[in-house]
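K.L.:
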Amino acid sequence: MGPSPNPEKQSQTIIPLPPNFSVCTVHSGRHLYNFILLSNERYNLLQIVMQGSEKRKEKDLEKEKTEDVLKVLLSNKDLLYRMYPHQREGVFFLFNHYKNRKSKARNGAILADEMGLGKSIQVILFLHAMIMNTQEFKNALLIVPAGLLKDWKKKIKRWTPNMNVLIYHHSVTERKRKLRNLQKTGGILLVPYTTFILHDKTFTTYKGMHFVWDCLICDEAHKLKNPATKTHKAVALISAGFCILITGTPIQNNLGEFWSLFSLISDTCILGTYKTFKNKFEKPITKGMEAESGPKERALGMELLKTLEKITEPFLLRRRKDQIQELKGQPLLENIPSDQQEAAYRKITDDSSTVTFESFHLLTAICTYPRLNSDIKEHEMSGVHLAESGKLTFMLALLEWFTKNGNFALVFSNYIKILDIIEKSLTQTSWGRNAFLRIDGQNTSQRDKIITEFQKRELKNILLLTTSVGAEGFTLTAADCVVFADLSWNQSQDAQAVGRAHRIGQTKDVKTYRLVTCGTLEEIIYRRQLFKGSLTRQVMGDEKNPFRFFTQDELKAVLTLQETQFSSTQQQLEKQGVKCLDITEVKILKWLWQGYRLKRLLKCASKK
């Protein structure tokens, strides 16, 4: 496709996501145990909606391997040998959608493989096959997070060195020159979301005429989950013959997000208007998944989920890692809070009758370090102050164990200040002062260099990252351990962070350690992460607002410090036969925690 007269665009009404309401209450004790039993009768919303695409067998995809696509791909046999079988299937899936598209309308597909299965490679090879070997397909607009621009260009050049690929940046004159040149000669234009929003209309014209891209690709497409955002509206205005959305989490919170993505891959959304979708699918399905729903409501919800699956299956391809390779372990490490943490936690809960945004953040901070909310001076980074945090004391012991045993670890936290404390603590040890690297969103220019150094698996065996940065799509397969200093309210963000190490090609047994302070808000967050897969919640607003992710009963529980000497959640899981750590790991880790804390306290006491 190319320049064409500017057609009248059909007006689209942006309907806001539905209001927040709770779906299920998860309590500790007996109620939690009963809920775990109930969870066996429930379905994971994401898996139900997409189980048809997950059930695609290779023999079914063989039917889609037309003579045309074989000719295109076999023009470079080396590429075929380098691809995994599931990646070849992904390319065939995209090709057949393009081949069967309707003329003069936007058509598209969603590539929703779990993180780490090489979605970007599948898209790159599809573009290579089309641009390099067909006459009808010349150009593609690829919109990605700013932090992944270089990574995308590097992958494109590694897999298809002859492909013309340009990054839309530099001066205004240089950007315009690159854009016009690519629109004329063909290739792939890489644009960060931040720049795209500011210059979206620039990509819709060529020499004063309306321009239609042959292909529009949006990486990390869950960024488009809210149709009311500027990003979603800007993407919707781009004319393209074919649209590919790439995301490992097409549903993060509610079915409205699912509709939002499908509204972008066709001019007339196959799911209808949002109002129709909400009344026909979202409301009754959500109602059927409530804990208080009756048999008829559950049955109707399940029936509608199956109907939704049948409608969306042809347009969405999702494979899970356990379909491709063996799943890796993800143990939980419960941490006993220090006396100082308990006192600080109780002070806030005793002084509060309701949970406010401020108190929520204060309690979250105390779970990791009781002084996090005050200005931490350098002299306060002594052992006696670190001993005030059961979690940080234990984490240093854990990282020392990793270092001495030759493990390579990713350490995630939602707070830059926590990373500061961990970094300072490491610099005060003989084993850790030269063993770590850091990526936190403030050193983006050095990111590629840091990743390359860590991937070498040489001297630097600890990489500190903010969870939000870790959720972006780079590869860190050098790691065989992942540690969460704190948990995210939105479980998909943690899942994406873990996906940095759990990627195709990972040959090591990767373990994820979640440090949870017993009896605190973190246990509630952990339970939400455990069981959210069995729930759907209608939410709206800022992702950073914790109240979106908790029921009123859960928020009330925040104001009570529960049992702090053990994890009640862990006990219930063990009753259900959930294995987290083997007995050897338990003994070693507990010995390290007790021994390390005692050593630090004695050392500091001797200085007084």
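Just so you know, we're using full-length UniProt numbering here: the sequence shown kicks off at 1 and counts up by one. Where a beta carbon is used, it is the ideal one built from N, C-alpha and C, also for glycine.
My assumption, with CB atoms under 8 Å, is that L79 sits in contact with L125. Please give the rounded CB distance.
P.N.:
At roughly 6 Å, the Cβ-Cβ gap stays under 8 Å, so L79 and L125 are in contact.
K.L.:
For M302, write down the residues that DSSP places opposite it in a beta bridge.
P.N.:
For M302, which the question treats as bridged, DSSP gives no partner whatsoever.
K.L.:
Pull up the distance between the alpha-carbon of W259 and that of D200, whole angstroms please.
P.N.:
So the two alpha carbons sit approximately 23 Å from each other.
K.L.:
Once you ignore the five residues that flank G186 on each side, which residues in its own chain have a CB closer than 7 Å to its CB?
P.N.:
Answer for G186: I131, K138, N139 and N164, listed in chain order.
K.L.:
Using the Cα positions of F408 and K347, report the straight-line distance between them to the nearest angstrom.
P.N.:
Going by the C-alpha atoms only, they are around 38 Å apart.
K.L.:
So, Q183 versus Y206, is the Cβ gap smaller than 7 Å?
P.N.:
Against a cut-off of 7 Å, the Cβ pair of Y206 and Q183 comes out as a contact.
K.L.:
Pick helix, strand or coil for A409, following the three-state DSSP scheme.
P.N.:
A409: strand per DSSP, three-state reduction.
K.L.:
Pull up the distance between the alpha-carbon of S28 and that of A365, whole angstroms please.
P.N.:
With a pLDDT of 29 at S28, under the threshold of 50, the predicted position of this residue should be treated as unreliable, though the coordinate-derived value follows. S28 and A365: Cα-Cα distance of roughly 22 Å.
K.L.:
Helix, strand or coil for N253, going by three-state DSSP, please let me know.
P.N.:
N253 falls in the coil class under three-state DSSP.
K.L.:
So for R180, helix, strand or coil by DSSP?
P.N.:
Helix.
K.L.:
Roughly how many angstroms lie between the CA atoms of I416 and M289, to the nearest whole one?
P.N.:
Spanning the two alpha carbons is a distance of roughly 37 Å.
K.L.:
Would you list the residues sitting across from V482 in a DSSP beta bridge?
P.N.:
The partner list for V482 (beta bridge, DSSP) reads L410 and T512.
K.L.:
Let me check understanding here. Comparing Cα to Cα, which of L261, T276 and L190 lies closest to H222?
P.N.:
Out of L261, T276 and L190, L261 has the C-alpha closest to the C-alpha of H222.
K.L.:
What would DSSP say about H210, mapped onto helix, strand or coil?
P.N.:
Correct three-state label for H210: strand.
K.L.:
Taking T466 as part of the beta strand (DSSP E), name the residues at either end of that continuous run.
P.N.:
I462 to T466 is the extent of the beta strand (DSSP E) around T466.
K.L.:
Which same chain residues end up closer than 7 Å to F277 when comparing Cβ atoms and leaving out the 5 residues on each side of it in sequence?
P.N.:
Counting only Cβ-Cβ distances below 7 Å, and skipping sequence neighbours, we find W259 and L271.
K.L.:
Exposed or buried, N414, counting other C-beta atoms within 10 Å across all chains shown (16 or more means buried)?
P.N.:
It counts as buried.
K.L.:
CB-CB under 7 Å to L149, same chain, minus the five flanking residues each way: which ones, in chain order?
P.N.:
If we look at L149 and ignore the five residues flanking it on each side, its Cβ neighbours are I167, L190 and P192.
K.L.:
Would you mind stating whether E441 and T466 have Cβ atoms separated by less than 7 Å?
P.N.:
This sequence places Gly at residue 441; Glu is not what is there. Cβ distance < 7 Å, so G441 and T466 count as in contact.
K.L.:
How many angstroms separate the CA atom of I418 from the CA atom of L362?
P.N.:
Their Cα atoms are separated by approximately 13 Å.
K.L.:
Buried or exposed: which applies to P161, given that a residue is buried once 16 or more other Cβ atoms fall within 10 Å of its Cβ?
P.N.:
Exposed, since its Cβ has fewer than 16 Cβ neighbours within 10 Å.
K.L.:
Specify the secondary structure class of F402 as computed by DSSP and reduced to three states.
P.N.:
It is helical.
K.L.:
Using a beta-carbon distance below 7 Å, is T517 in contact with chain C?
P.N.:
No chain C is present in this structure, which holds just one protein chain.
K.L.:
Quickly, what does DSSP pair F242 with across the bridge? List them, please.
P.N.:
DSSP lists N107 as partners of F242.
K.L.:
DSSP state of S39, grouped into three classes?
P.N.:
Caution applies to S39, whose pLDDT of 29 falls short of 50 and renders its modelled position unreliable; the value that the coordinates give is listed next. Three-state result, S39: helix.
K.L.:
Pick helix, strand or coil for E62, following the three-state DSSP scheme.
P.N.:
In this prediction, E62 scores a pLDDT of 46, lower than 50, which makes its location untrustworthy; no coordinate-derived value is stated.
K.L.:
Where are the alpha helix (DSSP H) runs, 4 residues long or more, that stay fully inside the region 139 to 197, in chain order?
P.N.:
Complete alpha helix (DSSP H) runs here, min 4: 149 to 159 and 172 to 185.
K.L.:
Let me know the secondary structure DSSP gives R447 once reduced to three states.
P.N.:
Three-state DSSP puts R447 in a helix.
K.L.:
Quick one: using the 10 Å Cβ neighbour count with 16 as the cut-off for buried, is R158 buried or exposed?
P.N.:
R158 should be labelled exposed.
K.L.:
Locate the alpha helix (DSSP H) running through I265, then write down its first and last residues.
P.N.:
From DSSP, I265 is part of no alpha helix (DSSP H); its letter is neither H nor E.
K.L.:
Grab the span of the alpha helix (DSSP H) containing L94 for me, first residue to last.
P.N.:
Here the alpha helix (DSSP H) through L94 covers P85 to K99.
K.L.:
Taking 6 Å as the line, does the beta carbon of R433 fall inside it for any heavy atom of the ligand NAD?
P.N.:
This structure does not include the ligand NAD; it has no bound ligands of any sort.
K.L.:
From the DSSP output, read off the bridge partner residues of F258.
P.N.:
DSSP, once it has assigned bridges, lists no residue as partnering F258.
K.L.:
Please state whether DSSP places R438 in a helix, a strand or coil.
P.N.:
Three-state DSSP puts R438 in a strand.
K.L.:
Starting from the C-beta of E458, find all residues in its chain whose C-beta is less than 7 Å away, skip the five residues before and the five after it, and write them out in chain order.
P.N.:
Hits under 7 Å: none found.
K.L.:
On a Cα-Cα basis, can you pick out the residue from F92, P85 and Y84 that is closest to L316?
P.N.:
Ranking F92, P85 and Y84 by Cα distance to L316 puts F92 first.
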